[in-house]
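Asker:
Protein chains in written order, with this note's numbering: chain A, 3 to 49; chain B, 53 to 277; chain C, 61 to 284.
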């Protein structure tokens, strides 16, 4: 079972890339949602 | 939220099952041995990337026809996700090549074509950052997206023709190496798992685009007050 | 037939504009010469090896030159908003593209034909025995470059960083043209020259596919 390390490395690298991408989208979406809340609150107060 | 968590769990399970299949169910390949198991991740990523770019192409066509922003959102989401899958192909290729050939890159036909594909869609995303007006940006990127996609078969075809003139080490053993039935099943299952991951990622990215649109609206309303 | 007559009139305008000053042609020719000289420093240009690299150098130099030469194509229509005038003057918007890409193909071909004898001398490759065949591959390759380049120039003219954007969009797209043209040229400059018909086939397919795409979608590139 030589080269098993490389197989694991490939799977780790692949899944790592997918995971990082997903996390980055989730974080940015959450940040935007926070901003909407903030803006909506300031609008409510202004009215 | 609950549906989303359930979907993510299903995708995660499918990916786990696909990895298990690749590592334990699939028979060991005769000539290359264990290292060949990267094949299931590498090829399924490649096929999924192309599927994503095809979805981008369809979204581009519909946008040019209908001019509704959600088709532009789908296009950029599919393109970005396709690019992620293509990156995985370009990363797993050298990880496979190094133990087998001792070198990281071989300018093999499929890997080279994948590199050009990657560059094409990076250009697509860069174009979007350089056009400011939203409608114009959507239209121009849709048109470039259409040109880029119809170029894809020409890129792959011409590079493959070029490479048959100067045979190089072929990553993944080439199309000549036969696949046993079990290998086909594992490969197709891997592709299915990858497609479910693609759907999840595209949906998340699309949602981000939609929320961004909403944020702009609320922002403008707040400024107007 | 109005597409044909519209194109002919606009083509006349494009040619007259260029031949009045000839600035595009002269700067492109000089640019290619500079690129060739610089390339020569990066390998042993006098050896037998140089024969093999001549075809690659030829097409790389032409591609880089074209990606710069195609910038003004739609950029010059922005001052004084002559693009609107063009749009009003034709019934079929494709005529604008047909005229511009024909002019660009002609300019590229002219530059390439001027450079051929220079290449022949500098890299010791016999060009005249296969001159006819070379003209064919130069024409088909330049046509491909012009079709894609003219279309993308309409996009880059309205974007930021347009000097970098046009090559960035154009060069990956033109990979099939580079691959096929270089292969055919390599075969023609070989010690025993032969015609690589598969390469010609690829070029024809590329040209037809992209011309059709431009015909179908060109009008959207010209939208207000």
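Note that the Cβ used here is the ideal one computed from N, Cα and C, for glycine as well.
1) Give me the residue from C:124, C:91, C:112 with the minimum Cα distance to residue 206 of chain C.
2) Please list, in chain order, all residues of the same chain as residue 162 of chain C whose beta carbon is under 6 Å from its beta carbon, the five residues on each side excluded.
3) Quick one: which chain B residues come within Cβ less than 8 Å of residue 258 of chain C?
4) Taking a Cβ distance cut-off of 7 Å, strictly less, list which residues of the stretch 77–89 of chain B are near chain A, in chain order.
5) Leaving aside the five residues before and after residue 60 of chain B along the sequence, list all residues of the same chain whose C-beta is less than 7 Å from its C-beta, in chain order.
6) Using a threshold of 8 Å, state whether the C-beta atoms of residue 249 of chain B and residue 67 of chain B are closer than that.
7) When the Cβ atoms of the stretch 64–81 of chain C are set against those of the stretch 171–185 of chain C, are three or more pairs found closer than 8 Å?
8) Please state the DSSP three-state secondary structure of residue 266 of chain B.
9) Name the two residues that bound the continuous alpha helix (DSSP H) containing residue 254 of chain C.
10) By the DSSP assignment, the alpha helix (DSSP H) with residue 5 of chain A in it spans what residues?
11) Which partner residues of residue 278 of chain C appear in the DSSP bridge assignment?
12) In terms of DSSP beta bridges, what is residue 81 of chain B paired with?
13) If you draw a straight line from the alpha carbon of residue 47 of chain A to that of residue 39 of chain A, how long is it in whole angstroms?
14) Got a sec: is the Cβ-Cβ distance from residue 254 of chain C to anything in chain B below 8 Å?
15) Just tell me which of B:207, B:141, B:124 has its CA closest to the CA of residue 266 of chain C.
16) What does the alpha-carbon distance come out to for the pair residue 189 of chain C and residue 249 of chain C?
17) In whole angstroms, give me the CA-to-CA distance for residue 62 of chain C and residue 151 of chain C.
18) Taking 7 Å as the limit between beta carbons, can you name the residues of its chain near residue 147 of chain C, skipping five residues before and five after?
19) Where residue 77 of chain B and residue 114 of chain C are concerned, what is the direct C-alpha to C-alpha distance, given to the nearest angstrom?
20) Output the distance between the C-alpha atoms of residue 44 of chain A and residue 258 of chain B, rounded to the nearest integer angstrom.
21) So residue 151 of chain B contacts chain A; which residues on that side make the cut at Cβ distance below 9 Å?
22) For residue 228 of chain B and residue 66 of chain C, I'd like the C-alpha separation in whole angstroms.
23) Determine, using beta carbons only, whether residue 30 of chain A comes closer than 8 Å to chain B.
24) For residue 185 of chain B, return the contacting residues in chain A, with the cut-off set at a CB-CB distance below 7 Å.
25) How many angstroms separate the CA atom of residue 210 of chain C from the CA atom of residue 183 of chain C?
26) Which parts of the stretch 170–217 of chain C are runs of the alpha helix (DSSP H), unbroken and 4 residues or longer, counting only runs that do not cross its ends?
27) Please list, in chain order, the chain B residues whose beta carbon lies closer than 9 Å to that of residue 98 of chain C.
28) I'd like to know whether the C-beta of residue 97 of chain B is nearer than 8 Å to at least one C-beta of chain A.
29) Can you check whether the C-beta of residue 35 of chain B is within less than 8 Å of a C-beta belonging to chain A?
30) Quick check: what's the CA-CA separation for residue 215 of chain B versus residue 161 of chain B?
31) For residue 227 of chain B, which three-state DSSP category applies?
32) Tell me, please, whether the CB atom of residue 47 of chain A is closer than 8 Å to any CB atom in chain B?
33) Just the C-alpha distance for residue 237 of chain C and residue 102 of chain B, rounded to the nearest angstrom, thanks.
Answerer: Looking at the coordinates:
1) Within the third chain, residue 206 of chain C is the residue found at index 146, counting from 1. Comparing Cα positions, the closest option is C:124.
2) Here residue 162 of chain C refers to the residue found at position 102 when the third chain is read from its first residue. Within the same chain, residue 162 of chain C has close Cβ partners 71.
3) On the third chain, residue 258 of chain C is found 198 positions in, with the first residue counted as 1. The contacting residues are 213.
4) 85, 86, 87, 89
5) For the purposes of this step, residue 60 of chain B is taken as the residue at position 8 of the second chain. 252.
6) Start at 1 with the first residue of the second chain, and residue 249 of chain B comes out as number 197. Start at 1 with the first residue of the second chain, and residue 67 of chain B comes out as number 15. For residue 249 of chain B and residue 67 of chain B, yes; Cβs fall inside 8 Å.
7) no
8) The residue labelled residue 266 of chain B in the question sits at position 214 within the second chain. Of the three classes helix, strand and coil, the one that applies to residue 266 of chain B here is helix, per DSSP.
9) In the third chain, residue 254 of chain C corresponds to position 194, counting from 1. Run containing residue 254 of chain C: none; DSSP gives neither H nor E here.
10) Start at 1 with the first residue of the first chain, and residue 5 of chain A comes out as number 3. No alpha helix (DSSP H) holds residue 5 of chain A; DSSP gives it neither H nor E.
11) In the third chain, counting from the first residue as 1, residue 278 of chain C sits at position 218. Residue 278 of chain C is not bridged to any residue.
12) On the second chain, position 29 is the one that residue 81 of chain B refers to. For residue 81 of chain B, DSSP records a beta bridge to B:85.
13) Within the first chain, numbered from 1, the residue matching residue 47 of chain A stands at position 45. Within the first chain, numbered from 1, the residue matching residue 39 of chain A stands at position 37. Between the C-alpha atoms of residue 47 of chain A and residue 39 of chain A there is a straight-line separation of about 12 Å.
14) The residue given as residue 254 of chain C occupies position 194 in the third chain. No, residue 254 of chain C lies away from the interface with chain B (no Cβ there is under 8 Å from its Cβ).
15) Within the third chain, numbered from 1, the residue matching residue 266 of chain C stands at position 206. Per the Cα distances, B:207.
16) Here residue 189 of chain C refers to the residue found at position 129 when the third chain is read from its first residue. Here residue 249 of chain C refers to the residue found at position 189 when the third chain is read from its first residue. Taking the straight line from one Cα to the other gives about 9 Å.
17) Locating residue 62 of chain C in the third chain gives position 2, where the first residue counts as 1. Locating residue 151 of chain C in the third chain gives position 91, where the first residue counts as 1. If I take the Cα positions, the gap works out to 8 Å.
18) The residue you call residue 147 of chain C lines up with position 87 of the third chain. Result list for residue 147 of chain C: 153, 282, in chain order.
19) Here residue 77 of chain B refers to the residue found at position 25 of the second chain. Here residue 114 of chain C refers to the residue found at position 54 of the third chain. Going by the C-alpha atoms only, they are around 52 Å apart.
20) Here residue 44 of chain A corresponds to residue number 42 of the first chain, with the count starting at 1. Here residue 258 of chain B corresponds to residue number 206 of the second chain, with the count starting at 1. Roughly 27 Å between the two C-alpha positions.
21) Mapped onto the second chain, residue 151 of chain B falls at position 99. In chain order: 4, 5, 7, 8.
22) For the purposes of this step, residue 228 of chain B is taken as residue 176 along the second chain, with counting starting at 1. For the purposes of this step, residue 66 of chain C is taken as residue 6 along the third chain, with counting starting at 1. Bear in mind that the predicted position of residue 228 of chain B carries a pLDDT of just 45, short of 50, making it unreliable; the figure below should be weighed with that in mind. Straight across, the Cα-Cα distance linking residue 228 of chain B with residue 66 of chain C is about 53 Å.
23) Within the first chain, the letter at position 28 stands for residue 30 of chain A. It does; some Cβ of chain B falls within 8 Å.
24) Counting from one through the second chain, the residue named residue 185 of chain B turns up at place 133. Simply none; closest approach about 21 Å.
25) Taking the third chain and counting its residues from 1, one reaches residue 210 of chain C at position 150. Taking the third chain and counting its residues from 1, one reaches residue 183 of chain C at position 123. One C-alpha to the other measures close to 31 Å.
26) 191–216
27) What you label residue 98 of chain C is simply residue 38 of the third chain in a count that begins at 1. Residues of chain B passing the Cβ test: none, with the nearest at roughly 23 Å.
28) The sequence position of residue 97 of chain B within the second chain is 45, counting from 1. Chain A, which has a Cβ nearer than 8 Å to the Cβ of residue 97 of chain B, makes this yes.
29) In the structure as shown, chain B begins at 53 and stops at 277. Residue 35 of chain B is therefore absent and cannot be evaluated.
30) Numbered from its first residue, the second chain carries residue 215 of chain B at position 163. Numbered from its first residue, the second chain carries residue 161 of chain B at position 109. One C-alpha to the other measures close to 6 Å.
31) Taking the second chain and counting its residues from 1, one reaches residue 227 of chain B at position 175. Caution is warranted here: a pLDDT of 49 is assigned to residue 227 of chain B, below 50, making its placement in the model unreliable, and the coordinate value is therefore given only provisionally. Of the three classes helix, strand and coil, the one that applies to residue 227 of chain B here is coil, per DSSP.
32) What you label residue 47 of chain A is simply residue 45 of the first chain in a count that begins at 1. It does not: the Cβ of residue 47 of chain A has no partner Cβ on chain B nearer than 8 Å.
33) The residue given as residue 237 of chain C occupies position 177 in the third chain. The residue given as residue 102 of chain B occupies position 50 in the second chain. Distance between the alpha carbons of residue 237 of chain C and residue 102 of chain B: 22 Å.
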